[in-house]
Structures are given as structure tokens and as C-alpha cells.
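Have a look at the structure below before the remarks.
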Amino acid sequence: MRPTAGAKSLRASRLRLPRVPINDFTINVATVNGSGSASSNTIVAKTIFRMGVPITPKNLFPSNIAGLPTWFLMRVSEKGYQCRSGRHDVTVAMNAATAVDDIADLAPGGVLFIDESIPAAKSIERTDIAVHLVPFAKIAKEYAPDVRLRKLLANMVYVGVLTEMLGFDHDTVMSVVAEQFSGKEKVVKLNQDVVNAGIAHAREHCDASSVEFKIEARNLTQGKMFIEGNTAAAIGCLMGGCTFCGWYPITPSSSLCEDFISLAKKHRIDAGTGKQNFAAVQAEDELASLGLVLGAGWAGARSMTATAGPGISLMAEFAGFGYYAEIPGVVFDVQRVGPSTGMPTRTQQGDLSLCVNLSHGDTGHIVLIPAGPEELYEISAQAFDIAEKYQTPVFVLTDLDMGMNNWMSDRFEYPKGGFDRGKVLTAEQLKKVEDYGRYKDEDGDGIPYRTLPGTHHPKAPYFTRGSGHDEYAGYTEKSPAYIKVIDRIARKIAGSVVDLPKPVIGGDESAEIGIIHYGSTMYAVEEARDILAENGVKTRDMRVRSVPLHDEVVEFVNSCNVVYVAEQNRDGQLADLIRLKTPGSAGKIKKALYYAGMPMAAAPVVDAIMADVKEPAHV
Amino acid sequence: MSDTTNVAGLEKKDYAGLKSTLCIGCGHDQITREIIAAAFESGVDPYNVVKTSGIGCSSKTPAYFIGNGYGINSVHGRMPSIATGANMANKNLITIGVSGDGDTASIGMGQFCHAMRRNTNMVYIVENNGVYGLTKGQFSATSDKGAKKKGGELNDYADIDLCALALELGCGFIARSFSGDMKQMTTLIRAAMNHDGFALIDCISPCVTFNNLKDSTKGFDWLRENNVQLHEVGFVPEYEAEKVEQRAGETVTVPMPHGGFITLTALDDEKHDPTDPAAARRVLERSRLDEGHVFTGLVYYDRESQALDRTLNLADEPLCGMNEDQLRMSEADFGTLVDSFC
Numbered sequence: 012m013r014p015t016a017g018a019k020s021l022r023a024s025r026l027r028l029p030r031v032p033i034n035d036f037t038i039n040v041a042t043v044n045g046s047g048s049a050s051s052n053t054i055v056a057k058t059i060f061r062m063g064v065p066i067t068p069k070n071l072f073p074s075n076i077a078g079l080p081t082w083f084l085m086r087v088s089e090k091g092y093q094c095r096s097g098r099h100d101v102t103v104a105m106n107a108a109t110a111v112d113d114i115a116d117l118a119p120g121g122v123l124f125i126d127e128s129i130p131a132a133k134s135i136e137r138t139d140i141a142v143h144l145v146p147f148a149k150i151a152k153e154y155a156p157d158v159r160l161r162k163l164l165a166n167m168v169y170v171g172v173l174t175e176m177l178g179f180d181h182d183t184v185m186s187v188v189a190e191q192f193s194g195k196e197k198v199v200k201l202n203q204d205v206v207n208a209g210i211a212h213a214r215e216h217c218d219a220s221s222v223e224f225k226i227e228a229r230n231l232t233q234g235k236m237f238i239e240g241n242t243a244a245a246i247g248c249l250m251g252g253c254t255f256c257g258w259y260p261i262t263p264s265s266s267l268c269e270d271f272i273s274l275a276k277k278h279r280i281d282a283g284t285g286k287q288n289f290a291a292v293q294a295e296d297e298l299a300s301l302g303l304v305l306g307a308g309w310a311g312a313r314s315m316t317a318t319a320g321p322g323i324s325l326m327a328e329f330a331g332f333g334y335y336a337e338i339p340g341v342v343f344d345v346q347r348v349g350p351s352t353g354m355p356t357r358t359q360q361g362d363l364s365l366c367v368n369l370s371h372g373d374t375g376h377i378v379l380i381p382a383g384p385e386e387l388y389e390i391s392a393q394a395f396d397i398a399e400k401y402q403t404p405v406f407v408l409t410d411l412d413m414g415m416n417n418w419m420s421d422r423f424e425y426p427k428g429g430f431d432r433g434k435v436l437t438a439e440q441l442k443k444v445e446d447y448g449r450y451k452d453e454d455g456d457g458i459p460y461r462t463l464p465g466t467h468h469p470k471a472p473y474f475t476r477g478s479g480h481d482e483y484a485g486y487t488e489k490s491p492a493y494i495k496v497i498d499r500i501a502r503k504i505a506g507s508v509v510d511l512p513k514p515v516i517g518g519d520e521s522a523e524i525g526i527i528h529y530g531s532t533m534y535a536v537e538e539a540r541d542i543l544a545e546n547g548v549k550t551r552d553m554r555v556r557s558v559p560l561h562d563e564v565v566e567f568v569n570s571c572n573v574v575y576v577a578e579q580n581r582d583g584q585l586a587d588l589i590r591l592k593t594p595g596s597a598g599k600i601k602k603a604l605y606y607a608g609m610p611m612a613a614a615p616v617v618d619a620i621m622a623d624v625k626e627p628a629h630v
Numbered sequence: 340m341s342d343t344t345n346v347a348g349l350e351k352k353d354y355a356g357l358k359s360t361l362c363i364g365c366g367h368d369q370i371t372r373e374i375i376a377a378a379f380e381s382g383v384d385p386y387n388v389v390k391t392s393g394i395g396c397s398s399k400t401p402a403y404f405i406g407n408g409y410g411i412n413s414v415h416g417r418m419p420s421i422a423t424g425a426n427m428a429n430k431n432l433i434t435i436g437v438s439g440d441g442d443t444a445s446i447g448m449g450q451f452c453h454a455m456r457r458n459t460n461m462v463y464i465v466e467n468n469g470v471y472g473l474t475k476g477q478f479s480a481t482s483d484k485g486a487k488k489k490g491g492e493l494n495d496y497a498d499i500d501l502c503a504l505a506l507e508l509g510c511g512f513i514a515r516s517f518s519g520d521m522k523q524m525t526t527l528i529r530a531a532m533n534h535d536g537f538a539l540i541d542c543i544s545p546c547v548t549f550n551n552l553k554d555s556t557k558g559f560d561w562l563r564e565n566n567v568q569l570h571e572v573g574f575v576p577e578y579e580a581e582k583v584e585q586r587a588g589e590t591v592t593v594p595m596p597h598g599g600f601i602t603l604t605a606l607d608d609e610k611h612d613p614t615d616p617a618a619a620r621r622v623l624e625r626s627r628l629d630e631g632h633v634f635t636g637l638v639y640y641d642r643e644s645q646a647l648d649r650t651l652n653l654a655d656e657p658l659c660g661m662n663e664d665q666l667r668m669s670e671a672d673f674g675t676l677v678d679s680f681c
């Protein structure tokens with residue numbers, strides 16, 4: 012395979028699991044942004060999902076409204092692997108601009124469906140792939156004289172071709188099409204007709220025996236959800252009692268707030284008055300977003316914002332204010348490729364260090380790192396309890412791959428138990444308090460008691476400030492008073508560990524090689540461990556779900572001969588945090604990194620470990 | 340209500356704050372006294388007051404008034420977002436924001452504009468002295484072009500007129516005043532607290548240390564000499580509505596949406612109608628061209644103003660007090676939602 016350009020290039024690993032053509036391959040649909048392929052892509056993905064076969068789609072889109080190339084990768088995996096496979100087995104080439112690369116990227120033995128009008132289709136030299144020229148546009152033309160509509164329908168032709176060639180269940184395809192355009196009968200009929208035309212064409216003109224890849228119905232997705240990470244987080248916010256959202260649009264986080272707002276407009280309307288039990292304000296920038304969130308949190312509302320790296324950078328000053336003035340709030344960072352504007356529509360885990368120590372001076376924030384929709388839902392809801400209990404901004408780290416793609420997930424469970432609103436004193440309770448100080452450590456856990464504006468008791472009011480303050484919230488420039496508060500906050504945050512999601516440990520207990528990872532890297536590690544096992548390398552793994560780190564991380568490092576920290580950034584940000592926590596073992600912590608912006612595949616982890624297995628790691 | 344208590348049965352001292360640490364004679368301390376007087380006269384419940392500010396001399400003052408209110412001294416230029424968030428969490432609170440010309444017209448220009456655009460329900464007082472005090476005397480964005488620093492250095496840049504900007508952005512309550520005019524300021528603050536939306540009071544408040552020069556338009560001497568009132572502005576709260584009747588004649592009465600009235604008594608033949616945006620524009624233009632005077636009073640008032648909480652159709656009960664029973668959908672609805680993703 013010759014090297015291809017930029018973000019599209021695939022990293023070839025030397026090792027893979029053996030390929031089986033049934034329910035284990037990747038479809039790549041190459042189209043032009045704005046050509047309306049989202050509907051057809053969704054229909055294919057949902058059809059396979061409804062046939063009971065696990066599928067993970069990844070939308071690789073440009074920072075552009077229309078005209079630039081876009082790819083939709085659908086990994087079908089009976090074993091349930093959800094990371095990018097790093098291999099294209101079936102390609103639908105609809106974009107002339109990328110066709111040469113798309114053809115080159117096909118794995119040997121692959122199948123190509125290419126629009127016959129694309130120039131590159133006429134001079135395909137590869138003999139190790141099966142090529143099918145399809146008149147996508149021509150077939151669509153028979154159903155739509157209008158050029159714009161014809162473009163959309165050409166995508167439906169490919170749905171039909173794949174249905175026939177890969178063996179989709181016809182009734183399932185038709186019902187998914189109906190669902191996609193539900194409420195618009197004429198549109199449903201038209202699209203179903205075009206899908207059928209695609210089927211008819213394939214039946215007549217494409218040699219079925221040239222395609223070994225097939226979908227066979229299973230029942231592996233029954234009862235499972237198929238949901239985007241951002242939507243899962245939004246549901247978490249809703250069920251976690253968030254009443255205020257202050258936000259500024261930025262890829263890839265916008266849909267988290269938009270989904271929260273549309274869900275709230277449905278489920279948070281007072282039945283009697285029709286009024287809103289929530290407020291959402293689109294801010295002028297991310298500085299204001301966090302200001303809004305902290306203002307609302309200070310006055311007692313559960314509040315959140317969602318942004319990406321550039322927004323986090325802008326929030327730095329307010330993050331320090333929230334930390335020092337001890338104000339709750341939840342900040343989602345749906346990470347994308349940095350630094351600076353970076354690659355706004357590509358994925359990375361580059362903001363961990365930034366979030367942990369956001370703002371000037373000494374900070375150290377609570378950072379939660381869910382992986383998978385179910386955890387995004389649960390931990391997002393939990394984030395509000397943690398923020399209020401510890402009276403501090405809490406960061407929830409996710410990423411573009413996790414947030415903007417659909418994932419298979421277990422059903423979300425209805426929350427058990429009520430909200431933990433933390434130590435909030437009412438006027439009634441204050442009557443019994445002799446000496447109230449907003450920033451006093453009454454209980455020895457570093458967590459002070461707060462009062463909310465509007466509390467009617469002379470002891471309740473206090474003055475919140477980001478300037479030096481004593482235990483009674485009074486302005487101070489006195490060293491001992493300053494130290495007392497700032498040291499207590501450090502104790503408070505360190506103590507929060509007991510309430511933070513614990514690391515998840517898996518794998519072979521006798522293995523000497525450990526892999527530590529977090530967030531969406533989980534999916535790559537899952538497959539990497541199987542590939543390694545297949546090659547005789549036993550591993551176990553620990554998925555970190557929060558910072559400050561639990562002591563379990565230290566125990567895990569101590570119990571391994573060598574530990575690879577797998578993450579999606581250049582510098583190994585979690586690896587460095589772990590080295591700080593385990594200075595004596597720092598030498599045995601290695602980095603398995605991938606930061607090129609594509610959803611992570613298993614290969615970088617496999618390669619990093621195998622390189623050392625062949626030349627044993629120095630421990 | 341006796342001679343020394345207000346409609347809420349409180350005394351003026353119940354609205355006091357900590358002792359000021361500003362320079363003796365500072366205009367800002369006059370405004371602090373005016374806020375206390377206004378809250379006292381209107382019988383505001385101190386526990387329901389939220390005092391917000393940014394950074395600078397002006398932003399220190401919320402500690403000096405209404406000690407039983409809840410203060411939040413945020414970061415430089417970002418007070419409007421904090422105030423808006425707090426207002427969303429509990430719309431029943433009265434928000435008084437205090438800012439300065441640096442905090443508003445420079446570092447906080449963006450948030451100032453957008454709070455007006457959204458119409459956050461708050462009083463926003465700019466303690467405008469044309470100079471950075473805490474950092475020792477640099478020009479601010481409201482200093483007049485050609486203004487002189489203590490050392491003789493001249494300001495090269497034109498000033499920003501915050502009232503004109505507010506008018507442009509659709510702010511529904513725009514006033515200009517002078518910290519030394521206790522009566523006018525107190526009345527304006529009372530009316531502003533009764534307004535539904537963002538109420539701007541651009542109050543010229545001399546800096547006695549860095550900008551109280553003889554020929555400074557932000558100095559005490561010049562202001563006392565050249566401050567021209569647009570009208571005598573009055574405020575009649577709802578509970579004293581009968582007093583409006585007694586003010587017939589030269590006085591124009593403007594009803595406010597939540598009850599209460601603004602009264603305007605002409606002081607000369609040029610009657611300014613603050614409900615007319617064109618008239619407001621003319622007054623500001625006149626102020627700009629007439630270098631010898633500053634016109635004070637209620638520049639503009641929009642009777643149709645609707646604060647953000649009404650725009651968003653917020654529930655009657657404050658969001659901050661809502662519990663899981665109010666905020667979580669039923670288990671059945673949740674099941675339906677989950678099913679829609681299967």
C-alpha cells in the first residue's frame with residue numbers, strides 16, 4: 012500500500028487478528044461534505060445494527076459546510092470491537108477528488124463500488140481487489156429531475172447496492188428507510204424505490220461471487236442502545252438535575268448542549284404553567300460560558316457548559332476563580348486535536364494536563380473521564396453531585412470520537428437515589444450554628460459549609476471573592492489566613508477521591524505487562540490485548556476514570572513489570588501524571604501513543620508493546 | 340413605618356456594609372451611600388440582594404453596602420456573566436452590579452454589551468472616573484480625548500460613551516448621573532431596581548487621587564459647575580401609588596411594568612422625553628458636542644422592556660430550589676427515551 016495524504020492515512024500494524032468475511036469487516040463510504048450522505052450512512056449502519064450485528068460507525072468529516080471530502084467508516088464486528096479497524100474492506104467511492112486514495116486504501120481482497128463517472132474508475136490498476144462500476148448518479152436521475160435531489164438519491168442507490176451485495180435483510184432496510192424519513196410518506200416511498208433500484212442494478216450487473224464479505228443476522232444487539240456520546244452525556248445532565256446550561260458553539264461539543272436543550276424542552280416543562288424548569292443561555296464566548304455556569308452554581312443551580320480545547324483555554328481565569336472561591340459547576344471538554352485551532356474535526360486526548368491544572372497559581376481540579384455511552388450517561392449525572400459536594404468546578408473529559416459517533420451501549424438505567432446537594436446550610440440550620448465561617452473546616456474533611464443567596468438569616472450572607480480571603484470570607488493579605496484556606500482546598504480535593512469513579516481493572520492477573528488507558532482509548536486497548544494474546548503476549552489493563560488518581564493506580568504499577576500508558580496525545584500526559592504519583596517506579600512506565608487525529612486503532616498499542624517484546628523491556 | 344424605619348420595618352443601618360478602604364473623598368463612596376439610601380427607601384429585603392462586581396476600585400465597593408446581601412467579586416470584566424448566571428438560578432433576587440470604566444469599557448466590553456442584549460434583570464452602575472485607580476493613574480477608555488494626566492501627559496484617544504452604546508444595543512433603562520448628586524442618584528437607583536431588565540447608570544464619580552484636576556470633566560469642581568439636569572427625576576413605588584396623583588401639573592408620570600412610577604419634572608423649556616429613543620439620541624449627541632456641560636438624568640426608558648427570565652419563560656419557582664421529583668422525568672418516560680435509541 013502506498014502512503015496516502017494527511018489525516019486519511021492509515022497506520023499499518025504488523026499484527027492483526029485473522030480476518031473472517033462474515034460479520035467482520037469495515038465499509039468505507041467516501042463522499043463529498045454536504046451531499047446528504049448522512050441519511051444513507053445512518054440507514055446502512057442502523058440496518059446492520061437491527062440485524063443484530065454489532066457495528067461502529069465513524070464519521071470523518073472536514074471543517075467545512077460543503078464541498079470537502081468526508082468518509083464514513085463502518086466497522087462490523089461480531090466480536091464487538093468498536094475501535095477503528097485501520098483497514099478498509101468494502102469501499103463505496105462517490106467522490107472523484109479522493110477516489111485515487113480511496114482505491115489505494117482498500118485492503119487486498121477488498122471490494123470497490125465506484126461511480127462510473129469518476130475518472131479514476133477508468134484506470135484502476137489493482138488486481139487484488141474486486142471492482143464494480145456503478146452508475147449511481149444515472150440511476151438516481153430516473154427518479155429525480157432536480158439536481159439537488161438527484162445528489163441525495165444517488166446515496167440511496169449505494170444503500171441498495173450494499174443491501175444486495177452484502178446480504179442485508181430487505182424488510183429491515185425498508186423499515187429503517189421509513190423510520191429515517193418518518194412523517195413524510197412521499198419521501199419514504201421515493202427513497203425506498205431508489206434503494207430497490209440499487210438492489211435491482213446490483214442483482215443484474217454485479218457479480219455476487221466476487222464479494223466474500225457478508226452480513227449474517229445475529230441477536231448480539233438486542234436490547235442495546237445505539238447512541239452518540241454527546242447525547243448520552245446530555246441525558247446524564249438531564250437526569251443529574253442540571254437546570255442551567257451556559258454555552259458557546261464549538262466543534263465537537265455543540266451537540267451536547269443542543270441535545271440537552273432539546274431534551275429539556277420536552278422533559279422539563281412545568282405541567283401546570285408550561286414554564287421552563289431549566290435555563291439555557293448561549294454566551295458570547297467561553298469566558299462568559301463559565302461565568303454563567305459559576306454564577307448559577309453560586310446561587311444554587313446545578314449548572315454545566317460543554318466546550319473543546321480552545322474554550323477550555325479561554326475559561327482558565329474563571330476555573331481558578333471557581334476553584335478558589337469554591338463554586339460548583341460542571342465543564343465538559345469534548346476534546347479535539349490541538350494545539351491552537353488544531354484539526355477541529357479530528358479527535359485527540361490532548362487536554363488532560365490542561366484541565367487538571369487549569370488557571371494560574373496552584374490549582375488541581377477534579378477530572379472525570381468516562382468511556383462509552385453508558386458511563387458518559389452515569390458519570391455526567393454523577394458529576395453534579397461531585398461538583399456540589401466538593402463545591403468546585405468538575406471537568407468531564409470526553410473526545411470527538413466518543414462524542415460525535417454512535418456507539419453500541421447497554422441500556423441506561425433509571426437513576427437510583429436522590430441528588431447529593433452537599434453541605435448547604437438553611438436559615439433553620441444556621442440558628443443552631445454558633446460560629447459560621449464560609450471557609451471553615453468544621454468536619455475535618457476540608458469541605459466547608461455554604462449558604463445560598465436569599466437565605467434569610469443574619470449569619471448566612473458572606474462575600475465571595477477570588478482575592479485572598481480568610482475562613483470567614485473576609486478579604487485578607489495575611490499569610491497564615493491565606494495558607495489556611497489554600498491548604499484546606501488541597502486537602503478537600505485530595506479527599507474527593509473516595510467519591511470519584513474508581514479505575515476499572517481487567518485482563519490476566521498473572522500478566523507482567525500492564526496497560527493503563529482512559530476514555531475512548533479503551534476500545535483500542537480491548538482489541539490490542541486480544542491481538543497480543545493471540546501472539547502469546549499476556550497483558551492486563553487498568554482504565555483510569557478520574558483525577559486525582561486513586562491509590563489503586565500505584566498498586567497496579569507496582570504489581571507489573573512494565574506498564575504502557577496508552578493515550579491519544581503526543582506527550583503522554585497521563586503517563587507523566589502517573590510518574591509523578593509513582594516516582595520510584597517511573598522508569599517502568601512507558602508510553603504507547605497515538606495522536607494523528609483519527610479514531611484510535613489497536614495498532615499503536617500492539618506495536619509499542621511488541622517492539623519491546625522482541626527486544627525485552629528493561630525494567 | 341416610623342421616622343427611622345422603612346416599609347420593611349428596617350433602619351438605615353440595616354443596609355450598611357463594611358468600612359470603605361477607598362481614598363477619603365472618593366466619588367465611589369458617595370455612590371455606596373446612595374445605594375444604601377435607595378435600598379432603605381424602597382424597603383428592599385437585604386437577604387434578597389445579590390451584589391456583583393469585577394475588579395478595580397469600584398468593584399471593591401459591594402463590600403461596603405448592604406452587608407446582609409450576598410456579594411460576589413468575580414474576575415476583571417466578567418461580572419455580567421456571573422450576574423446573569425445567578426439571576427437564572429434565582430430570579431427572585433435583586434441584582435446590583437457595580438463596575439468601573441476599565442472593568443466595563445475595556446476588559447469587560449464584550450460581557451457588558453451582551454448582558455444588555457440579553458436584558459439580564461439587574462442594576463448596572465458604572466462608577467466612571469476616566470482613570471485606572473488601583474494601578475495608579477493610567478487613562479481609561481472613557482477619558483476625554485486630550486484629557487491631561489497628573490504629570491501632564493495627554494490622552495490621544497476618543498472616549499467611549501457608554502450611554503450611547505447602551506442605546507444602540509437596545510438597553511431599556513439608561514441613565515447618567517454624578518456621584519455628588521445624592522438625590523438624583525438615589526432616585527435613579529430606586530427606579531433601576533424596579534425596572535424589568537438591564538438598567539444602566541453611568542455615574543461620573545471623581546477619582547480624588549488621580550483625576551480630580553481643575554479642568555477634568557471627571558473632576559468634582561468641573562462637574563459641580565457644569566452638571567445640567569435633564570429634568571427632576573422622581574420614583575414612586577407601588578405602595579405609594581397615591582402620591583402620583585398629587586404630582587399633577589408640570590410632572591410627567593411613566594408607569595413601570597411591575598408597578599410603581601417614574602416621574603419627570605421639567606426644569607426648563609427643553610423637556611426631555613426619555614421614552615422617545617430619538618430624543619435620547621439627541622441628548623447624547625448634545626452632550627458630546629457641548630464640551631461645556633454634562634447632561635444628567637434618565638436618558639432613555641423602554642416601557643416594553645422584558646428581562647431575560649421572562650424571555651426564557653422561566654418557572655415561577657427559582658431553579659436553585661428544585662429537587663429530583665421536579666427535575667427527573669418518570670421511569671416510564673425514561674424507558675421511552677431509552678427505547679428511541681434501540
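So the protein lines, in turn, are chains A and B.
In case it helps, the working numbering puts the first sequence at residues 12 to 630.
In case it helps, the working numbering puts the second sequence at residues 340 to 681.
Beta carbons: idealized from backbone N, C-alpha and C, even for Gly.
Please read these numbers as outputs of a predicted model, since none were measured by experiment.
So, is the C-beta of residue i closer than 8 angstroms to a C-beta in chain A?
{"i": "CYS510/B", "result": "no"}
{"i": "GLY406/B", "result": "yes"}
For residue i, collect the residues of the same chain with a Cβ closer than 6 angstroms to its Cβ; drop the 5 residues on either side in sequence, then sort them by chain order.
{"i": "VAL624/A", "result": "VAL548"}
{"i": "ALA16/A", "result": "Bear in mind that a pLDDT of 37 at ALA16/A, under 50, signals an unreliable position, so the number given afterwards is only what the model happens to contain. Correct list: empty, nothing qualifies."}
{"i": "PHE673/B", "result": "none"}
{"i": "MET661/B", "result": "none"}
{"i": "GLN584/A", "result": "LEU363 and SER364"}
Taking 8 angstroms as the CB-CB limit, is residue i close to chain B?
{"i": "MET413/A", "result": "no"}
{"i": "SER364/A", "result": "no"}
{"i": "LYS427/A", "result": "no"}
{"i": "TRP258/A", "result": "no"}
{"i": "ALA299/A", "result": "yes"}
{"i": "ALA18/A", "result": "Bear in mind that a pLDDT of 34 at ALA18/A, under 50, signals an unreliable position, so the number given afterwards is only what the model happens to contain. No, no contact with chain B."}
{"i": "ASP182/A", "result": "no"}
{"i": "SER324/A", "result": "no"}
Under 8 angstroms between beta-carbons, which chain A residues line up against residue i? List them in chain order, please.
{"i": "CYS681/B", "result": "GLY234, LYS235, MET236, PHE237 and ARG422"}
Determine the chain A residues that contact residue i at a beta-carbon separation under 9 angstroms, and present them in chain order.
{"i": "ASP541/B", "result": "Neighbours of ASP541/B on chain A: none; closest Cβ ~21 angstroms, over 9 angstroms."}
{"i": "TYR409/B", "result": "TRP309, ALA310, THR462, LEU463, PRO464, GLY465, THR466, ALA471, PRO472, TYR473, PHE474 and THR475"}
Leaving out five residues on either side along the sequence, give the residues of the same chain with a beta carbon under 7 angstroms from the beta carbon of residue i.
{"i": "THR53/A", "result": "GLN191"}
{"i": "ARG27/A", "result": "ILE542"}
{"i": "VAL630/A", "result": "At VAL630/A, the pLDDT of 41 sits below 50, so the modelled position is not reliable and the matter cannot be decided from this model."}
Below 8 angstroms between beta carbons: does that hold for residue i and residue j?
{"i": "ILE524/A", "j": "ILE589/A", "result": "no"}
{"i": "GLY408/B", "j": "VAL388/B", "result": "yes"}
{"i": "ALA646/B", "j": "THR284/A", "result": "no"}
Starting from the beta carbon of residue i, find every residue of chain B whose beta carbon is closer than 8 angstroms, and list them in chain order.
{"i": "PRO262/A", "result": "Residue identity check: residue 262/A is Thr in the sequence provided, not Pro. Result: empty, since nearest Cβ-Cβ is about 22 angstroms, beyond 8 angstroms."}
Which residues in the same chain as residue i place their Cβ atom closer than 8 angstroms to its Cβ, once the five residues preceding and following it in sequence are excluded?
{"i": "LEU666/B", "result": "none"}
{"i": "LYS451/A", "result": "PRO459, TYR460, GLU482 and TYR483"}
{"i": "ALA347/B", "result": "GLY382, VAL383 and ASP384"}
Residues of chain B with a CB under 7 angstroms from the CB of residue i: which are they?
{"i": "HIS371/A", "result": "None at all; the shortest Cβ gap to chain B is about 11 angstroms."}
Quick one: list the residues of chain A neighbouring residue i, beta-carbon separation under 7 angstroms, in chain order.
{"i": "CYS659/B", "result": "ALA310, GLY311, ALA312 and LEU463"}
Unbroken stretches of the beta strand (DSSP E), 3 residues or longer, contained in the stretch 454 to 532 of chain B:
Unbroken beta strand (DSSP E) stretches of 3 residues or longer found wholly inside the stretch 454 to 532 of chain B: 461 to 467 and 512 to 517, given in chain order.
Complete alpha helix (DSSP H) runs within the stretch 559 to 597 of chain A (minimum length 4 residues, chain order):
Listed in chain order, they are 562 to 570 and 584 to 592.
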